[in-house]
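Below: the structure, in structure tokens.
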Amino acid sequence: MLVVGGGPVGLAAALEARRSGLSALVVEPRGTPVDKACGEGLMPRAVDLLRRWDADPAGRPLAGIAYVRDGLRAEHRFAGSPGRGVRRTVLHAALADRAEAAGVERVAERVTALSQDAGGVTAAGVRARWLLGCDGLHSTVRRLAGLEAAGRAGSGGAGRGRRGARRFGVRRHYRVAPWTDLVEVHWGRHAEAYVTPVAPDLVGVALLGPAPIDVDAELAAMPALAARLAGAEVEAADRGAGPLRQRSRARTAGRVRLVGDASGYVDALTGEGLRLGFAQAVASVAHLDDPAGYERAWAAATRDYRLLTSTLVAVATSPLRGALVPAAVRLPPVFAGAVERLAR
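So for the sequence shown, this note's numbering puts the first residue at 123; every next one is plus one.
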């Protein structure tokens with residue numbers, strides 16, 4: 123198995139390959155760990171999948187999700203086991219250690235071309251029976267395999283919201299003790315701030331919205347959150363990502379499979395990226411000889427995410443944005459049901 127992309131999803135795919143008795147080689151030009159824009163909140167199902175690979179990164183328990191705006195607050199605590207807030211670098215390092223212990227090989231190369239035939243696929247000078255493209259939003263494998271959707275990446279399709287509303291993300295860390303065991307989503311005029319406890323003295327704040335995102339200005343427009351962060355030290359540089367909306371015309375091409383963000387992405391609004399990527403890693407290895415089966419498994423794993431996230435993004439980029447939190451407050455069973463669907 124050749125795995126292109128050595129982030130958490132790529133390492134999970136390599137670990138799943140080893141678990142299934144395959145050799146695995148990861149192609150990744152960067153060292154480990156790599157820091158990047160990430161909400162850093164793992165849904166309960168993602169934590170369950172990490173246990174599948176004996177990975178147990180240090181972090182903070184996440185008991186549920188809260189939506190906050192203008193003095194209103196809707197919250198729901200997970201009915202089952204908790205999620206976990208984990209700093210991206212901590213998660214990456216934990217999976218890298220497990221991959222090394224499991225015998226996953228690694229080569230520091232960049233894929234610029236790939237070729238395949240009935241018996242295998244070649245990339246980065248390596249021939250393998252299968253190739254998994256786990257190389258993120260702006261996947262090179264997706265493009266080289268001819269799986270890029272028609273039209274400009276990041277444009278069109280469900281979840282785009284109002285015309286021209288491409289969305290981006292920026293993450294910042296604050297040295298402050300977490301004040302809750304929930305992921306708080308603070309809704310501002312133009313952006314949402316996702317606050318995730320990741321260590322005893324550290325919270326991550328990820329903002330999503332149309333570019334350019336002025337982090338300080340957006341936070342200033344969220345008084346409850348601004349008060350919590352007042353005077354806290356900002357750790358390191360901000361990290362950005364986007365445009366978030368990416369599409370693929372299919373997830374399979376011959377012996378190539380797309381996994382995680384490389385397979386298509388709607389938005390980070392529901393915080394399910396790693397849960398979905400881990401689930402796709404398992405499904406891709408289980409359906410190596412059945413491309414149609416992987417397409418079905420991918421569709422089943424992402425169906426709720428695509429529907430719910432597309433709906434929320436459409437609302438978030440429309441005049442109805444301001445009504446979302448009041449609606450969650452007035453309809454707690456609906457909000458609870460949505461959160462529980464995300465937790466699975």
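Positions of the beta carbon are idealized from the N, C-alpha and C atoms, including for glycine. Computed from a prediction, not measured in an experiment: that's the story for all the values here.
For the set Pro454, Gly186, Val456, Pro448, the Cα lying nearest the Cα of Leu304 is the one of Gly186.
By the Cβ rule, the stretch 403–420 does not count as touching the stretch 448–459, because fewer than three pairs are nearer than 8 Å.
With respect to Ala230, Pro151 sits close: the two C-beta atoms are nearer than 7 Å.
Ala359 and Leu446 have their alpha carbons spaced roughly 31 Å apart. When Ser261, Val248, Arg371, Glu306 are compared, the shortest CA-CA separation from Arg195 is found for Glu306.
Here the stretch 127–135 lies against the stretch 396–408, with 3 or more beta-carbon pairs under 8 Å apart. Excluding sequence positions up to five before and after Gly386, its CB lies within less than 7 Å of the CB of Gln368, Arg369, Ser370, all in the same chain and listed in chain order. Here His214 really is in contact with Pro155; their C-beta atoms are around 4 Å apart, less than 8 Å. For Asp360, the enclosing beta strand (DSSP E) has its first and last residue at 355–363.
Secondary structure note for Pro455: its alpha helix (DSSP H) is the uninterrupted segment 454–465. At a Cβ-Cβ threshold of 7 Å, Trp252 and Met123 count as neighbours. In the three-state DSSP reduction, Gly268 falls in the coil class, being neither helix nor strand. DSSP lists Arg293, Tyr316 as the bridge partner or partners of Ala328. Here Val208 carries a coil assignment [DSSP, helix/strand/coil].
Annotation for Gln402: the continuous alpha helix (DSSP H) segment containing it runs 395–408.
With a 10 Å radius around the Cβ and a threshold of 16 neighbouring Cβ atoms, Ser406 comes out buried. With contacts defined as CB atoms closer than 7 Å, Ala287 and Pro334 fail to qualify as a contacting pair.
Pairing Val317 with Val327 gives a Cβ-Cβ distance under 7 Å.
With a threshold of 16 other beta carbon atoms within 10 Å, Gly459 falls short and is exposed. Comparing C-alpha distances from Ala159 to each of Arg377, Ala363, Leu430, Glu462 shows the shortest one belongs to Ala363. In this model, Pro322 and Arg182 are separated by some 8 Å (Cα to Cα). For Val148, the number of other beta carbons within 10 angstroms of its own is at least 16, and it is reported as buried. A Cβ-Cβ distance of about 5 Å is found for the pair Leu254 and Arg379, placing them in contact under the 8 Å criterion. Shown here, Ser145 sits in coil according to DSSP, grouped into three states, outside any helix or strand.
Every alpha helix (DSSP H) of 4 residues or more that sits fully in the stretch 155–187 is shown, in chain order, as 166–174.
For Trp309, the enclosing beta strand (DSSP E) covers residues 304–309. Burial check for Asp338: the Cβ neighbour count within 10 Å stays below 16, so the residue is exposed. In terms of Cα proximity to Ala218, the closest of Ala134, Phe200, Ser203, Ser142 is Ala134. Secondary structure of Thr244 (DSSP, three-state): strand. Note: Arg428 is not bridge-paired with any residue in the DSSP secondary-structure output. DSSP lists Val149, Gly255 as the bridge partner or partners of Val126. Nearest neighbour of Gly247 by Cα position, chosen from Ala240, Arg232, Ser261, Asp257, turns out to be Arg232. When DSSP states are grouped into helix, strand and coil, Leu236 belongs to the strand group.
It is roughly 10 Å from the alpha-carbon of Ala352 to the alpha-carbon of Val298. For Glu340, the enclosing alpha helix (DSSP H) stretches over residues 337–342. Assigned with DSSP and collapsed to three states, Ala196 falls in strand.
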